[in-house]
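Reading through the structure tokens given below for one structure.
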Amino acid sequence: MAHATTATAGGKKEAAHHFKDMDHEFETCKQGLWLFLLQEVLFFSPLFVGYYVFRGLYPEDWHAASHHLDPKMGAINTVILICSSLSMAQAVHGAQTNNRRKSIIGLILTLIFAGGFLVVKFFEYSHKFELGLLPAGAFTYTGADLSGYPHAKLYYSLYFAMTGLHGIHVIGGMAVIAWILKRTLKGEFDSNYYTPVEMVGLYWHFVDLVWIYLFPILYLLG
């Protein structure tokens, strides 16, 4: 595979001076991204561990609190993100095969799907705010169904921490996808150089994968 980042006077792209060749540059970038994603796993892991620990300590509270989540909204967002992964894969394949139109369409669709995910999450959060199902000290829900479960507020602390952190990653992903789209429109990527497109694609698949774990434990297991 050929991957370059520096254009010569003749328009041919070559690897940056600190890499041996274009393949070396691509593999280095990919290894760096995998290391970044590894630290992202470590970033999310304490929240997942904390969720399961407290779920084991307060199963009744967890069960009661989870009834206020809407599995339909969670399922809709799951479908949306799966579709966004498919469109992102299309964008990467378009860049790899010199099909700029395919890549552009894939990137635009990914942005639309990501925006749709955030819209659904906005309505879901709004409902929680109205009911007072908020983290820790901000928890003001007065419904009788949770009156005997003092740790419900802990559940929503973790719920907002986990889904909020994921939402921040979605927004960050949209920013870099928009950056890649801008460069694709300028014709900066082709079969010789598509490293940024593939790296952003890997990041986006990771963001989607995190949600695939969040959806069942928050919305289905309860």
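The sequence shown begins at 3 in my numbering and counts up by one. The beta carbon of each residue, even a glycine, is placed where N, CA and C say it ideally should be. Because the structure is a prediction, the values reported are computed rather than measured.
Nearest residue (CA-CA) to residue i, options the options
i	options	result
Y183	G166, G96, A163, T30	According to the sequence as given, residue 183 is Leu; it is not Tyr. Per the Cα distances, G96.
L38	W206, K155, N101	Sequence check: residue 38 is Phe here, not Leu. Per the Cα distances, W206.
N194	T144, R102, S68	R102
F46	F208, L223, L222, S68	F208
C31	L223, D210, P198, W213	P198
Y215	V51, L187, G58	V51
A163	G203, P48, L35	P48
S68	V178, W213, K130	K130
L160	T112, V55, N100, L111	V55
I110	S87, G139, A140	S87
M90	T99, N100, K74, G108	G108
G34	I219, L220, M201, W213	M201
L40	G150, I219, L204	L204
I219	W36, E29, F124, L71	L71
P73	W36, V122, E42	V122
Y124	T165, L148, G139	According to the sequence displayed, residue 124 carries Phe and not Tyr. Comparing Cα positions, the closest option is T165.
Contacting residues, own chain, Cβ-Cβ under 6 Å from residue i (five flanking each side not counted)
i	result
G118	I82
S105	A93, G96, A97, T186
L222	none
L211	none
Neighbourhood of residue i by C-beta, 8 Å cutoff - its chain only, sequence neighbours within 5 removed
i	result
T142	G134, L136
G189	R102
N100	D192, S193
S128	none
L113	M176, I179, A180, L183
F217	G76, A77, N79, T80
G145	L133
Per DSSP, the bridge partner or partners of residue i
i	result
Y195	D192
Limits of the unbroken alpha helix (DSSP H) element including residue i
i	result
G294	This structure cannot speak to residue 294, because the chain is shown only from 3 to 224.
L222	Per DSSP, L222 belongs to no alpha helix (DSSP H) and is neither H nor E.
Y127	102-133
D63	61-68
P137	Where P137 is concerned, there is no enclosing alpha helix (DSSP H), given that its DSSP letter is neither H nor E.
G76	73-98
Contacting residues, own chain, Cβ-Cβ under 7 Å from residue i (five flanking each side not counted)
i	result
A116	S86, V172, G175, M176
H158	Here the sequence assigns Tyr to residue 158, which means His is not the residue at that position. Cβ neighbours of Y158 beyond the five flanking positions: A67, L135, L136, P137, F141.
G12	Low local confidence applies: a pLDDT of 36 at G12 is under 50, so the model's placement there is unreliable, with the coordinate-based value given in what follows. Excluding positions up to five away in sequence, the list is empty.
E42	F208
Requested in this report: Tell me, please, whether the region 168-179 touches the region 68-80 by the rule of three or more beta-carbon pairs shorter than 8 Å.
Outcome: Under the three-pair Cβ rule at 8 Å, the region 168-179 does not count as touching the region 68-80.
Query raised in the report: On the three-pair Cβ rule with 8 Å, is the region 59-66 touching the region 146-154?
Result: The count of Cβ pairs closer than 8 Å, one atom from the region 59-66 and one from the region 146-154, reaches three, so the stretches are in contact.
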